[in-house]
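2 protein chains.
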Amino acid sequence: MTSTSADRTELEWLVGYHDSRDNKPDTFFPATVPGAVQLDWAKATGQPEYWKAENPKLFEWAENSYWTYKTNIDLSRVANGSIPYFVCGGVDYQFEVKIEGTTVHSQEGMFTPFELSLENHIGKRIQIEILVYPAPDSGDDSTHHSVANACSKPPVSWGWDWHPRLVPLGIWKDTFIEERPSVHLFNLSFETRLDENCQRATLTINTESNQPTKLPLNLTLRSPSGAVAHQSTLSLASGSASHTVTIENPELWWPNEHGPQSRYELIAELQSGDGTAQSTLKKRVGFRRIRLVMHEGAWDEPSTFPKGRSNPPITLEVNGRSIFCKGTNWVPPEIFPGIIDQDTYRPLLEMAQKAHFNLLRNWGGGIINKESFFDQCDELGLMVWQEFPIACNRMSEEDHYLETLNQESKSIIEAGRQHPCLAIWCGGNELFNAWSMMTDQHPALRLLNRNCYDLDPRTPFLPTSPVMGMAHGHYVFRDQSNGEEVYSTFGNANNTAYTEYGCPGPSDVEYLKTFIPEDELFPPQASGSWKAHHAFGAWGVEGDSWLCPSVIDHYFGKPQTLEELVKYGQLLQAQGYKFIYEEARRQKPVCSMALNWCYNEPWPSAANNSLINWPHRPKPAYHAVAESCRPVLLSASVSKFQWSEGETFVCNLWLLNDHHEAIEGGQLEAQLVFPDQTIQVLQWTYPEIEANKNLAGPSARWELPKCEQNTFDLKLVDTRNPERNSVYTFAYKKAEAKDSGPRAMNQ
Amino acid sequence: MTSTSADRTELEWLVGYHDSRDNKPDTFFPATVPGAVQLDWAKATGQPEYWKAENPKLFEWAENSYWTYKTNIDLSRVANGSIPYFVCGGVDYQFEVKIEGTTVHSQEGMFTPFELSLENHIGKRIQIEILVYPAPDSGDDSTHHSVANACSKPPVSWGWDWHPRLVPLGIWKDTFIEERPSVHLFNLSFETRLDENCQRATLTINTESNQPTKLPLNLTLRSPSGAVAHQSTLSLASGSASHTVTIENPELWWPNEHGPQSRYELIAELQSGDGTAQSTLKKRVGFRRIRLVMHEGAWDEPSTFPKGRSNPPITLEVNGRSIFCKGTNWVPPEIFPGIIDQDTYRPLLEMAQKAHFNLLRNWGGGIINKESFFDQCDELGLMVWQEFPIACNRMSEEDHYLETLNQESKSIIEAGRQHPCLAIWCGGNELFNAWSMMTDQHPALRLLNRNCYDLDPRTPFLPTSPVMGMAHGHYVFRDQSNGEEVYSTFGNANNTAYTEYGCPGPSDVEYLKTFIPEDELFPPQASGSWKAHHAFGAWGVEGDSWLCPSVIDHYFGKPQTLEELVKYGQLLQAQGYKFIYEEARRQKPVCSMALNWCYNEPWPSAANNSLINWPHRPKPAYHAVAESCRPVLLSASVSKFQWSEGETFVCNLWLLNDHHEAIEGGQLEAQLVFPDQTIQVLQWTYPEIEANKNLAGPSARWELPKCEQNTFDLKLVDTRNPERNSVYTFAYKKAEAKDSGPRAMNQ
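From first to last, the protein sequence lines stand for chains A and V. By UniProt numbering, the letter at position 249 of the first sequence is numbered 249, and the numbering carries on one by one without gaps. By UniProt numbering, the letter at position 674 of the second sequence is numbered 674, and the numbering carries on one by one without gaps.
Right under this line is the structure:
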């Protein structure tokens, strides 16, 4: 959000690889900046698309090379009184910067930007080189992401159950020459604070210039409508200025569906002698107060001796209002972060908003998103749970790693803290479980807590997810080891927040055809492209994940076509997710958070827990989840997926309500829908319901009739409020179906 | 541990009270420094002992007054080239220091020392005044310790279930004039680090002088035997010097019964022109590495989805060895901390060592102990779990409190971190329970974590006790609301650490007579002195705590004499504690810590959970606990306390072993001892047992014979290793005892 009035010049880059730090590349080829060295090499050498078939393997060599970028810069025409700066948003991952062959900057860490004054080179033509080291390697298992256990590069690049091993390197953020006036502003930061009633905001603004100056600094704060809310003139005689503004009855920033996403504009202008602005910085400012609070009844537990602690708080309270958080786990939208820009984020974030989400968990295995991600989350009311780049690893306790993490985390916090969407800082993913073996005492987590407290003390901090009370998983519709379905797994759980849970489903047929060679398409094999794209062997517990054909077979028999396989797989995913989201909502107020694993994906999966295929192609589950996340809906709780002819179908009816004002009552009609008949099972007239409260209704029961299909629907219809209607699909099994019905198709 | 070669002059003080900040006392009376204004007033006005009967009430007015100390200082004979300093270890709680009527220092917080150069007053006679403010008052309930929820003064002074309301004020630490050479050392601090195998120590030493100097600084490190382990000469040309020393195969500091408490001596000498030391500072240095580690099997849980986190680690690992922590909760040994000195601590700490304790939890409701406490814990091998002064309150989140806490916690950490005994920093007591309503997100706890990490990063930090896995309570032998005894309460529990549990018992008769007026002695009434000394109404859950006469009645009928009451009450306390300590040990390795509530007391209690009466008079329970904490002992697990004639007595036999080397096997003989017969119930030959492992043995069963007494003993005798013998006492009930036996005594 920072903009300046300075001139920017884009640069032309070349890149090449070499086998040791002190070598030079034999050949250079054109480089796209920002981007990745692998993509430049692929383009120059005519490689096939990295995202098709098993092509990621073509790139594995590249992570072990040194790479050198170079660019020539003409500083012979710098305007008088201007200073040229080399400005770089980030290089992935360890690198040196050389000017005319001399190293002037060395850095480990991709999330810390840097800039270099080129004042001493004015009038000359110079060459800048960026020497990129091979991907970090802690010496741990090099075939596993544990090799990233001593660096701050996201571990996902070494491969995950939905990500191939492909480790990007290179300049991944905007990099350019900027000419600035000899005296200019270089920092504008602020801290907001709301009083107990959110009726008074305090805005503390800090600015710095590159040198002490007598030029006046004009500060302006404009309200969301553009009116001037505050104006003042400060002195930068010491090189910095701090100023605190109080705003009565500020317009507040609210999460999606809770109110407007009001933002003010803060403008700092260094006024030159002629009265014009010679240096300007701007930021958006949102006022909101975010806390983690205990749920209703939480202090009553535990109730017996010996007495432990009460559950930690995980209910997000925004501007004094408890919010039920509906959302998802965000993963990198591309394998190569260098090619991500605001248009990569836009469709994904808009779909999240339309799905009634209000919270995205930015999972610690992936990158810290670019500024435009947070800008758009601010705009769309999507709160962000931001993890540091640590996941499923036991991180080093050595000084070198802690120093890198210290630098990187400070950069991450300083960039994120000024966004009203930033709701929670979190150390990383699943660090207190057996596969990570980190604990509350790990110095990396104590360091992160320290830095978050120092730099952003009023934003909640969690050491990891899950902590006490919370839970991750399960990740299958039906656990083949014990026959448990999501209906019982979640129906019997009692957690404060479900911050990860998955239901896998295949991608659609047309999509599969774009990256799986035709001869591999059907039937899917646990090898080749299906395996490379995560349909088989992706996750340890279930060997056939994420396609899970044995689960499909269990309910519907073995599919005879790819279309049939996809249809049933997607049905299970959609119905499973519907149940979990709604069940989590039914468990309010003990539960206050439902975030599925995962929202998106960085490349095409054949099957995955994702709701949206790469780059932004929604699966049927996306639409089902969006239905289940409406603020107000009729909902049914059931105990299982498959029902038999003659069995008594039972469902418990609910009105789920997350709306922040009381809602009017209505009339629910439960219908069982079969191909040849619709049975009205029950009517329930329900009263007005207060804000953010659910209402448990009656149970409906009906003996299931004979039917020729293998599914039936439960429809919940509100005659007065049709926008609350819901529909669920279940598997149907004939009473004596040994020689007919779907299972017969396999024989 | 810091000593200097400078001259110290003690001061004569007067003190008086006044009703507003700007008044002066009408009269002054002599003051003892260190001490407390209340004690000075009591002495001057001939008040009765504060610790008798209901006398604390006499002192309540004093906490609402201002108090002014004054002293005259003659600086006319300061040695040439010397600088006099006014040095004060601490003033309780908020105060101003005036020199000749002008305020030169203001402070809130009793744990931060200060010193003032009097260089400008050399040659004069001056008056120094210390104006002490009334006790802090947050505006919360003034009859409850919640009034301390915005200050760093220990809340215990406002009254607890074993502490009267009596809020000390005044100069509570050593305060004197010190003449120092014009150039002198004023800081010597260090940081120790051991490598993974504890075979190499790194000692980083920091020293500062009051001004840059060309005088050489000689650093000497002497080994525990006195040999020179390192010597070097450094420059203080910049006013400070830092030096790192590596020591191969250092002699390690170990907890009690795990090895020697080796300490090195570090000497910093500023060498004057004539080669003598003109300024010397000395510190003791202990090398040990302390970590909190997971217990065996901890990573296997939880095992099902949705999956939470594993329990946090609470097993103390010292120098690579897991230690089962046996210990107790330490509370202030006096109501007035100003009168505490090393001789107050000495007998208590020696008894802790003799009881085989290795860990003291310095409970957050009380004071931070003086330096001599930590020195003696270092010497005796007693590890310290040190809490900050927060307990059972919901602390303020306001800036003013956080700033005070920041200052006070830094002072506390800087003083404590250089002691090898300092094993755990902890935010405070029971903050995550309903009566405190603080959470992991509270800024005070994040601040403490930050300061501990910044100043002492290699010592574990806990936000509070209990956290997940740990537990506090119960505090009664038998819960009258549900009939549960300690035998089932703890036998059915499964916690990682029992960091508080109590069994109340009365004090002995001779002791009771010293503070309860004769006419109140028997029968005890729930009023007057018995109540003031915590026999009744002390704790909410049990109205008759801590004397608990209804529990005594339940087993033995109503006592007819004070002697009988005390005998049975003390028996229950001793037997209850024996069971809990041994049961916690049986639950190893899941459990690794057993700390009863509480060890000592600040004034005489009529009944209390304490093991030792004020000031250092052990109760029978102390000796029972010491037996149960022997490194190796025979132990019996039973399900209840009272057994009936003809009933089959059942006990499970164990060999409890915390020893750090393998122990030889033995032969256990279980005997039931009645007045007229000893029954040999079972013999068990057990093998050699590896270090720090228990061995579960057989169960013994025996039908109980007729007996004329109301108790019987279970003796466990090891014929080869009599030092492992144990004995337990149980209540006995006759089969048809309606008209005879102990209960008949009440009729």
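A virtual CB, placed ideally from N, CA and C, is assigned to each residue, including glycine.
With a cutoff of 8 angstroms on beta-carbon distance, A:Leu266 and A:Gln278 are scored as not near each other.
Just so you know, the alpha carbons of A:Lys52 and A:Trp614 end up roughly 12 angstroms apart.
When C-beta atoms of the segment 347 to 354 of chain A are compared with those of the segment 279 to 299 of chain A, fewer than three pairs fall below 8 angstroms, so the two segments do not count as touching.
Take A:Trp435, set aside five residues on each side of it, and the residues of its chain with a beta-carbon closer than 6 angstroms to its own are Cys392, in chain order.
Here A:Gly16 is buried, its C-beta having at least 16 other C-beta atoms within 10 Å. V:Cys421 is not a Cβ neighbour of V:Leu462, given a cutoff of 8 angstroms. At a cut-off of 8 angstroms, the C-beta of V:Asn449 has a neighbouring C-beta in chain A. Between the beta-carbon of A:Thr459 and that of A:Ile314 there is about 14 angstroms, and that puts the pair past the 8 angstroms contact cut.
Here V:Tyr66 has Tyr17, His18, Asp19, Ser20, Arg21, Asn23, Leu131, Val132, Tyr133 and Pro134 as same chain residues with Cβ atoms under 8 angstroms from its own Cβ, once five neighbours each way along the sequence are excluded. Nearest C-alpha to V:Ser726 among V:Gln575, V:Ile122 and V:Val650: V:Gln575. With distances taken between CA atoms, A:Asn210 lies nearest to A:Asn187 out of A:Thr220, A:Tyr511, A:Cys198 and A:Asn187.
V:Ile177 is a Cβ neighbour of V:Leu11, given a cutoff of 8 angstroms. For A:Thr45, the enclosing alpha helix (DSSP H) covers residues Val37 to Thr45. Fewer than three pairs of CB atoms, one per stretch, sit closer than 8 angstroms, so the segment 55 to 65 of chain A makes no contact with the segment 192 to 212 of chain A.
Proximity of chain A to V:Met468 at the Cβ level (cut-off 8 angstroms) is accounted for by Gly308, Arg309 and Met468, in chain order. The Cβ atoms of V:Gly505 and V:Gln560 do not sit closer than 8 angstroms to each other. By the neighbour-count criterion, in which a residue is buried when 16 or more other Cβ atoms sit within 10 angstroms of its Cβ, A:Thr489 is buried.
Residues of the segment 423 to 446 of chain V with a C-beta atom less than 8 angstroms from some C-beta of chain A are Phe432, Asn433, Ala434, Met437, Thr439, Asp440, Gln441, Pro443 and Arg446, listed in chain order.
Taking a beta-carbon distance threshold of 8 angstroms, V:Gly320 does not count as an interface residue toward chain A. Just so you know, the alpha carbons of A:Pro216 and V:Gln107 end up roughly 39 angstroms apart. Cβ-Cβ distances below 8 angstroms link A:Ser699 to Val650, Cys651, Asn652 and Leu653 in the same chain, with the five nearest sequence neighbours on each side left out; the list follows chain order. The criterion of a C-beta distance shorter than 8 angstroms is not satisfied by V:Thr514 and V:Pro620. Legend: CB atoms of the segment 471 to 488 of chain A lying less than 7 angstroms from CB atoms of chain V belong to residues Ala471, His472, Gly473 and His474.
In the DSSP assignment, A:Glu371 falls within the unbroken alpha helix (DSSP H) covering Glu371 to Leu380.
By the C-beta criterion, the segment 328 to 347 of chain V is judged to be in contact with the segment 371 to 378 of chain V, since at least 3 inter-stretch pairs fall below 8 angstroms. The beta-bridge partner set that DSSP reports for A:Arg617 consists of A:Asn613. In the pairwise beta carbon analysis, the segment 410 to 424 of chain A is classified as not touching the segment 400 to 412 of chain V: fewer than three pairs are separated by under 8 angstroms. Contact residues of the segment 391 to 402 of chain A toward chain V are absent (C-beta to C-beta distance below 7 angstroms). Judged by DSSP in its simplified three-state form, V:Lys98 adopts strand. Residue burial is scored here from C-beta neighbours: A:Val228 has fewer than 16 other C-beta atoms within 10 angstroms and is therefore classed as exposed.
Identification of chain A residues near V:Asp454 by a Cβ-Cβ cut-off of 8 angstroms yields Arg450, ordered along the chain. Shown here, A:Met470 sits in a strand according to DSSP, grouped into three states.
As a beta-bridge residue in DSSP terms, A:Gly505 pairs with A:Asn608. Taking C-beta separations shorter than 8 angstroms and ignoring five residues to either side along the sequence, the partners of V:Ser138 in its chain run Ser146, Val147, Ala148, Asn149, Ala150, Cys151 and Ser396, following chain order. Taking 9 angstroms as the Cβ-Cβ cut-off, the segment 488 to 500 of chain V approaches chain A at Thr489, Phe490, Ala493, Asn495, Tyr498 and Glu500, given in chain order. Counting the other CB atoms within 10 Å of its CB gives A:Gly557 a total of 16 or more, which places it among the buried residues.
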